[in-house]
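S.K.:
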Amino acid sequence: MDAEHGLEYLHNGCKPPINHRDVKSTTILLNDSFQAKLADFGLYKVFPTDGGTHMSTRVVGTPGYLDPEYYISSWLTEKSDVYSFGVVLLEIITSQPVNGKNP
Numbered sequence: 001m002d003a004e005h006g007l008e009y010l011h012n013g014c015k016p017p018i019n020h021r022d023v024k025s026t027t028i029l030l031n032d033s034f035q036a037k038l039a040d041f042g043l044y045k046v047f048p049t050d051g052g053t054h055m056s057t058r059v060v061g062t063p064g065y066l067d068p069e070y071y072i073s074s075w076l077t078e079k080s081d082v083y084s085f086g087v088v089l090l091e092i093i094t095s096q097p098v099n100g101k102n103p
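Taking UniProt numbering, the leading residue of the sequence shown gets 1, the next gets one more, and so forth.
(1) Kindly indicate the opening and closing residues of the alpha helix (DSSP H) around Lys24.
(2) Tell me which residues share the same chain as Pro97 and place their Cβ nearer than 6 Å to its Cβ, disregarding the 5 neighbours each side in the sequence.
(3) Quick one: what does DSSP say Asn99 is sitting in, helix, strand or coil?
(4) Return helix, strand or coil for Asn19, following the three-state DSSP convention.
(5) Look at the alpha carbon of Ser95 and the alpha carbon of Tyr65, and state the distance between them as a whole number of angstroms.
(6) Thinking Ser56 and Tyr70 are a contact (beta carbons under 8 Å), I'd like their distance in whole angstroms, please.
(7) If you follow the beta strand (DSSP E) that Thr77 is in, where does it begin and where does it stop?
(8) Less than 8 Å between the C-beta atoms of Val60 and Leu43, yes or no?
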């Protein structure tokens, strides 16, 4: 999946790493060749340059796609984007929308 590669690049290819914070079905767009591209970086967060793997931040994102650990603790990691991407995959597999509720 192209969107998966985009997330991997944000987390591991960018210096400093970037967390999208709003991965959902409406922020993954298809181009003319049906390649998936990540869009809407309005909530992104840049990780500290000291090599940290997480940070404390105000919780933002779309209900139903939010990582429960991030929602409860305000600790943002790259795993938060991975969780949200997993919700998108579940939407595709089940043909069901998310319920829009947080844990």
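C-beta atoms are modelled at their ideal positions from N, C-alpha and C, and glycine is treated no differently.
M.R.: The structure says:
(1) Careful: Lys24 lies outside any alpha helix (DSSP H) and carries neither H nor E.
(2) none
(3) In the structure shown, Asn99 adopts coil according to DSSP, grouped into three states.
(4) strand
(5) Cα-Cα distance, rounded: 15 Å.
(6) At roughly 10 Å, the Cβ-Cβ gap does not stay under 8 Å, so Ser56 and Tyr70 are not in contact.
(7) Trp75 to Thr77
(8) yes
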